[in-house]
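Here the UniProt record's numbering is used: position 24 in the sequence shown is 24, and no number is missing along the way.
The structure appears below as structure tokens.
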Amino acid sequence: MNIGQTGETFIRIGPQGDDRGDEWDDGCFDGVREILIWHGDKINAIQFVYDRDGTLVLSDKHGGNGTNFDHNIGRTGETFIKIGPRGGVHGCEWDDGYFDGVREILIWHGEEINAIQFVYNCNGTLVLSEKHGVDGTNFDHVSHP
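Here you go:
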């Protein structure tokens with residue numbers, strides 16, 4: 001666990017997916033401008049376009065190749081900025097365990113993200129994670145066919 005310059009807590013969970021995964025760390029940036037995703041029946045690779053002092057920086061591609069490519073899935077608008085955990089004092093670290101891939105991300109939010117939940121692929125079966133957080137006034141999701 002690491003503590004960021006503004007008090008954020010960062011947790012390294014290691015590679016996910018199959019046994020060919022490698023850990024990676026793109027470093028510290030001001031925000032995420034774009035998310036690039038390669039996929040087939042699961043997410044195969046991910047790449048980011050970061051903002052560093054107003055300059056766009058393309059990360060390395062993390063993963064393999066998929067049959068489909070999507071750019072900025074389900075989101076347009078201002079830059080994502082990592083701010084670390086915020087809110088009440090009841091938050092805790094969590095780990096959903098080991099799965100084959102993420103099929104859907106469910107997000108409850110108002111002015112901020114209130115909760116997040118994942119639908120994982122586990123040997124061909126879809127598994128719904130525990131909901132991490134509380135209900136928000138809005139609901140969005142990013143899904144993978």
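Glycine included, each C-beta is placed from N, C-alpha and C at the ideal position.
Within this structure, are the beta carbons of residue i and residue j separated by less than 8 Å?
i: ASP51; j: GLY31; result: yes
i: ASP104; j: VAL119; result: The identity of residue 104 in the sequence shown is Glu, whereas the question assumes Asp. In this structure, VAL119 lies closer than 8 Å to GLU104 by Cβ.
i: VAL134; j: ILE43; result: no
i: ASN141; j: ILE107; result: Per the sequence shown, residue 141 should be read as His rather than Asn. Taking 8 Å as the Cβ cut-off, HIS141 and ILE107 qualify as a contacting pair.
Could you give the distance in angstroms between the alpha-carbon of residue i and the alpha-carbon of residue j?
i: residue 148; j: ASN65; result: Summary: the structure shown does not reach residue 148, with the chain confined to residues 1 through 145, and so no result is reported for it.
i: GLY124; j: ASP26; result: 31 Å
i: ASP96; j: ASN121; result: 12 Å
i: ILE37; j: GLU130; result: 24 Å
i: LEU58; j: HIS132; result: 30 Å
i: ASP60; j: PHE99; result: 23 Å
Among residues of its own chain, excluding the 5 on either side of residue i, which ones have a beta-carbon nearer than 6 Å to its beta-carbon?
i: TRP24; result: HIS62
i: SER143; result: GLU104
i: GLN117; result: LEU106, SER129, LYS131
What three-state label does DSSP hand residue i in the structure shown?
i: TYR120; result: strand
i: TRP38; result: strand
i: GLU104; result: strand
i: TYR50; result: strand
i: THR67; result: coil
i: ASP96; result: coil
i: ASP140; result: strand
Could you pull out every residue in the same chain whose Cβ sits closer than 7 Å to the Cβ of residue i, ignoring the five residues on either side in sequence?
i: THR137; result: GLY110
Please list, in chain order, all residues of the same chain as residue i whose beta carbon is under 8 Å from its beta carbon, the five residues on each side excluded.
i: LEU56; result: ARG33, VAL49, TYR50
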